[in-house]
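For the sequence shown, position 96 (counting from the first letter as 1) is numbered 96 according to UniProt numbering, and the numbering increases by one without interruption. Working notes for the structure below.
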Amino acid sequence: MNEAIRSYRLRMLDLGLALAGILAALVLVVVPAPLGIAMVIGSLVGLILLIWPAAIPITLVLSVPVQDVVQLPLAGIGITATQLMLATAMFLLPIVLLVRRRLVHYPAIAVALTFFLLVQIASLAAAQNLLFGVATIYRWTAALLAFLATIHLVTTRRAVIVLGFGISAAAVAEVGFGTLQSALGLAPPSFAVASGIYRAYGTFGQPNPFAGYLEMTGLWLAALSLWAVRHAGGLLRRYRRERLRDLVSSVATRRRMLITAITAAWFGIGAFASFVGIVLSFSRGAWVGTLAGIGVFVLFAPRTVRRLSLVAALLVATVAFAGGWQELPAAVRERAQQLITQSRPFDVRDVQLTSENWAVVERMVHWQAAWGMFLDHPWTGVGAGNFGVAFPEYSPHPLFRIARGHAHNYYLHVLAELGIPGLLAYAAVLTTGLTMLVRTLRRGRSSYDRLLALGALAATAAVMVHNLVENLHELHLSVHLFALWGLVWRAAAGWTRFGGDR
């Protein structure tokens, strides 16, 4: 019976491919070349995405680092790769759910995100510029769509591994590009940190979002690499037992062991490259965020990892106190020292600006302006996306009249734009997400599920800490983060073995 069904499906597939080929040829003949080629390629991509729906959220996540590199001109406007994939996901997700008759889920995280979006929409009543508010709402809607697409379409562990290979490749490419920028001086003069050394920024245009992206990739890949190492070790022990009894099964086990070992190595390379890129960004917020993420990783990691991490920390501390700190490059030491010397709040109104204190004064100006907006509009804020519009009125320093686009502290940024309701709504998003991550970490069905949750939890901790001095919800970085949350939700809900429904 199964053979007959498989044969029927193969015949139908052959027929479908033949008809698709004829239709594509007709389109290329009838429709002018540029549009015809685009229609054929788009149709093929759409067909592939419908055949393997997991590719929809996977390509959406992988589009984030190349969003400004790959653009599609449309009516004089450049459509980024991420925007194109968001539109594709919005169109195909309902079709897949209907055709495959899958259950529709709307978990607590999605509810919290929806409430956060409603607060943003309500805040438009106080906004001076509605277009900026709509842009902010669009970005958070994209995060919600990424989460929903992930929980519904990435239903197998194999799809997660495919995503991991893609993210590792993206991280390696991103850091390779950033290394060239840092070493060859392919950066604006303001990115110089020492003679011949520049801050890496990759394809993101700025060092902070570049480092923020790598925080999420590095910590998540480290967790998957740890799982693959442990799984490869288990397969090695199994192979040794089977080799003495069953040659055929031992060959299959050895093949799986080698594939798993290669997977562990590739994920490890991606994680290592990510941490190198974070260092080259010279982003102090990213350094602190990464340390926080590593701390969370170690705290919840398996016992062996905790012990090895304690030994490594003691060795690093011993070397540092023995004078190893002085052996670090001067640029690294200076940036690290500034974490302490320039982190204390101060009144910026009477500060004499210099090239050395410009960055810290600018950040403090944004903080104090955000606080002023909150005090004047505690319940409505100045409106979603309108921090930059209101900034000139609230800037306490006469030389700073143009905002950087955000408050250099996302929590203050939310208070300024959305008031107390916005901060409570954002806190609800974080609380529901963290609760789900910790619950899966402690009660996951397998070590794979638990380590997947560990990687997402560590990445979330890094983002939360880094957001004390930055806004890592710009440039569609939230698409990546909430996709990681979606994978953990799917792990808690249960994977399917062959990609169908449970």
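Yeah, the Cβ is synthetic: ideal placement off N, Cα and C, and Gly gets one too.
Member of the options whose CA lies at the smallest distance from the CA of residue i
i              : options                        : result
histidine 413  : Phe391, His397, Ala273, Gly433 : Phe391
threonine 432  : Gln83, Ala110, Leu49, Ser190   : Ala110
alanine 461    : Arg442, Tyr394, Gly218         : Gly218
isoleucine 420 : Arg442, Asp376, Thr141         : Asp376
alanine 142    : Leu308, Val488, Ala491, Phe482 : Phe482
arginine 450   : Leu472, Leu418, Arg490         : Arg490
leucine 163    : Thr263, Leu93, Arg240          : Thr263
leucine 180    : Val276, Pro345, Ile137         : Val276
leucine 49     : Ala87, Leu92, Ile77, Gln83     : Leu92
arginine 442   : Leu472, Val311, Leu299         : Leu299
isoleucine 294 : Phe132, Glu362, Glu242, Val463 : Val463
arginine 284   : Leu113, Asn208, Gln128, Gly444 : Asn208
tryptophan 371 : Val99, Val351, Glu393          : Glu393
alanine 223    : Ala359, Val305, Ala194, Leu131 : Val305
Segment limits, alpha helix (DSSP H) that includes residue i
i             : result
threonine 380 : Looking at the DSSP string, threonine 380 is not in any alpha helix (DSSP H), and its letter there is neither H nor E.
threonine 82  : 81 to 99
valine 209    : The question names valine, but residue 209 in the sequence shown is proline. Its alpha helix (DSSP H) spans residues 207 to 243.
valine 298    : 284 to 300
histidine 397 : Careful: histidine 397 lies outside any alpha helix (DSSP H) and carries neither H nor E.
leucine 163   : 157 to 184
serine 123    : 108 to 123
histidine 413 : 410 to 443
valine 348    : Here valine 348 belongs to no alpha helix (DSSP H), and DSSP marks it neither H nor E.
arginine 139  : 130 to 153
tyrosine 448  : 447 to 466
histidine 480 : 477 to 493
alanine 55    : 55 to 62
Residue i Cβ short of 7 angstroms to the ligand SAH heavy atom set
i           : result
glycine 419 : This structure lacks the ligand SAH; in fact it carries no ligand of any kind.
Assumed close pair residue i, residue j - CB separation to whole angstroms, cut-off 8 angstroms
i                 : j              : result
threonine 253     : alanine 232    : Contact flag wrong, Cβ pair sits at about 11 angstroms.
leucine 457       : valine 429     : That pair is no contact at about 15 angstroms.
threonine 380     : serine 123     : 6 angstroms
glycine 212       : alanine 273    : Incorrect: roughly 15 angstroms between the Cβ atoms, too far for contact.
leucine 353       : leucine 399    : 6 angstroms
proline 57        : alanine 146    : 7 angstroms
histidine 366     : alanine 301    : Contact doesn't hold; Cβ gap of about 36 angstroms is too wide.
arginine 139      : histidine 476  : 7 angstroms
leucine 235       : arginine 256   : 6 angstroms
phenylalanine 165 : tryptophan 266 : 6 angstroms
serine 182        : arginine 199   : 7 angstroms
Contacts around residue i, its chain only, beta-carbon distance under 6 angstroms, and the 5 residues preceding and following it disregarded
i                 : result
glycine 388       : Ala403, Gly405
tyrosine 448      : Trp227
phenylalanine 210 : Tyr201, Gly202, Phe204, Ser281
isoleucine 79     : Leu72
leucine 423       : Val414, Leu415
alanine 81        : Ser63, Val66, Gln67, Val70
glycine 486       : Phe147, Thr150, Ile151
proline 53        : Val96, Leu153
glutamine 128     : Asn386, Val389
glycine 185       : Tyr198
phenylalanine 191 : Tyr198, Arg199
threonine 88      : none
threonine 290     : Glu215, Ile278, Ala462
Close beta carbons around residue i, own chain, < 7 angstroms, minus the five adjacent residues each side
i           : result
glycine 270 : Ile167, Ser168, Ala171, Val172, Thr217, Leu221
alanine 493 : none
alanine 425 : Phe115, Phe116, Val119
valine 488  : Met436, Leu437, Thr440, Leu452, Ala453, Ala456
alanine 126 : His377, Thr380, Gly381, Val382, Gly383
alanine 108 : Thr432
valine 296  : Leu457, Ala458, Ala461
Test item: CB-CB of residue i and residue j under 8 angstroms
i                 : j              : result
glycine 385       : alanine 135    : yes
leucine 60        : methionine 85  : yes
alanine 369       : proline 396    : yes
leucine 144       : glutamate 174  : no
tyrosine 239      : serine 225     : no
phenylalanine 346 : methionine 373 : no
tyrosine 410      : asparagine 467 : yes
alanine 292       : valine 465     : yes
isoleucine 137    : isoleucine 161 : no
leucine 484       : alanine 459    : yes
Start-to-end residues for the beta strand (DSSP E) that takes in residue i
i           : result
alanine 192 : 192 to 194
Other residues of its chain near residue i: CB distance less than 8 angstroms, five sequence neighbours each side excluded
i            : result
methionine 1 : Its pLDDT being 47, under 50, methionine 1 is placed unreliably by the model, and the measurement read from it follows with that caveat. Counting only Cβ-Cβ distances below 8 angstroms, and skipping sequence neighbours, we find nothing.
alanine 55   : Ile48, Leu49
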